[in-house]
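Here's the structure, in structure tokens; my notes come after.
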Amino acid sequence: MDIRLGNGFDVHAFGPGDHVTLCGVQVPHEAGLVGHSDADVGMHTVTDAIYGALAMGDIGQHFPPSDPQWKGAASEIFLRHAVNQAGEMGFTLSNVDCTLICEWPKIGPHAPAMRAAMAEIMGMTLDRVSVKATTSERLGFTGRGEGIACIATATLVKP
Numbered sequence: 000m001d002i003r004l005g006n007g008f009d010v011h012a013f014g015p016g017d018h019v020t021l022c023g024v025q026v027p028h029e030a031g032l033v034g035h036s037d038a039d040v041g042m043h044t045v046t047d048a049i050y051g052a053l054a055m056g057d058i059g060q061h062f063p064p065s066d067p068q069w070k071g072a073a074s075e076i077f078l079r080h081a082v083n084q085a086g087e088m089g090f091t092l093s094n095v096d097c098t099l100i101c102e103w104p105k106i107g108p109h110a111p112a113m114r115a116a117m118a119e120i121m122g123m124t125l126d127r128v129s130v131k132a133t134t135s136e137r138l139g140f141t142g143r144g145e146g147i148a149c150i151a152t153a154t155l156v157k158p
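Position 103 of the sequence shown, counting from 1, maps to 102 under numbering that gives the first Met the number 0, and the rest follow consecutively.
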């Protein structure tokens with residue numbers, strides 16, 4: 000059995016807007032997130048975790064921000080691509096653990112919808128997808144409310 004772990008990390012700064020998209024869910028907020036695509040920091044991080052487990056680089060190598068076709072793109076495209084790559088290599092996603100790091104918006108009320116959205120996109124059962132949050136105790140850029148960070152781990156298994 001071939002078991003692989005990958006981790007991902009991403010950050011996006013707050014900018015103009017009235018909501019943030021996190022793990023496929025629009026969350027009302029006094030600001031948006033800045034990015035070349037839809038800036039879904041959760042999906043970007045999980046995508047990188049899958050690519051990492053496959054030793055296939057990172058999201059920027061597959062979807063360069065310098066390429067205008069990805070401007071404003073839904074991050075679901077990137078995540079589906081990583082999942083498909085895993086399948087083509089004979090891997091099944093065993094579990095994904097995603098931690099959003101921010102003081103606000105509060106993630107807890109939206110976490111069940113985020114888990115459901117991510118599970119559907121990745122073709123996984125809900126009990127294999129974790130989305131949770133923590134604060135940075137008002138330290139650093141997330142503590143000052145300048146943006147959101149995220150870390151994720153993905154486990155891939157090939158029989």
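All C-beta atoms in this analysis are idealised placements derived from N, C-alpha and C, irrespective of residue type, glycine included.
Got a sec? Which residues, its chain only, sit under 7 Å from residue i by beta carbon, not counting five neighbours each side?
i      : result
Pro64  : His35
Leu138 : none
Gly89  : Lys157
Using alpha carbons as the reference points, say which of the options lies closest to residue i.
i      : options                           : result
Cys22  : Ala151, Val156 and Lys157         : Ala151
Ala115 : His28, Met42 and Gly139           : Met42
Arg127 : Arg137, Leu92 and Gln25           : Leu92
Ile76  : Asn94, Ala38 and Met88            : Ala38
Glu29  : Ala153, Gly122, Glu145 and Thr154 : Glu145
Val95  : Phe62, Met121, Ala54 and Ala112   : Met121
Leu155 : Met117, Asp66 and Tyr50           : Tyr50
Thr124 : Thr134, Pro111, Ser74 and Thr133  : Pro111
Met113 : Gly139, Leu53, Gln25 and Ala12    : Gln25
Cys97  : Ala132, Ser74, Leu53 and His11    : Ala132
Ala54  : Arg143, Ile2, His11 and Leu138    : Ile2
Gln84  : Arg143, His61 and Val130          : His61
Applying the criterion that 16 or more other CB atoms from any shown protein chain within 10 Å of the CB defines a buried residue, is residue i buried or exposed?
i      : result
Ala148 : buried
Ile58  : buried
Gly56  : exposed
Leu4   : exposed
Gly86  : exposed
Asp9   : buried
Leu78  : buried
Leu243 : The structure shown does not extend to residue 243, since the chain is modelled only from 0 to 158, so the question has no answer here.
Asp17  : exposed
Ala81  : buried
Asp47  : buried
Which residues in the same chain as residue i place their Cβ atom closer than 6 Å to its Cβ, once the five residues preceding and following it in sequence are excluded?
i      : result
Cys101 : Thr141 and Ile147
Thr134 : Glu102
Pro27  : His18
Throw me the rounded Cβ distance for the residue i and residue j pair, which I believe falls under 8 Å.
i      : j     : result
Gly7   : Val45 : 6 Å
Gly31  : Val40 : At roughly 12 Å, the Cβ-Cβ gap does not stay under 8 Å, so Gly31 and Val40 are not in contact.
Ala153 : Ala52 : 5 Å
CB-CB under 8 Å to residue i, same chain, minus the five flanking residues each way: which ones, in chain order?
i      : result
Met0   : Val156, Lys157 and Pro158
Ala118 : Thr124, Leu125, Arg127 and Val128
Gly14  : Ala30, Gly31, Leu32 and Val33
Glu136 : Gly142
* Are three or more beta carbon pairs between the region 69–87 and the region 100–111 nearer than 8 Å? -> Short answer: they don't touch.
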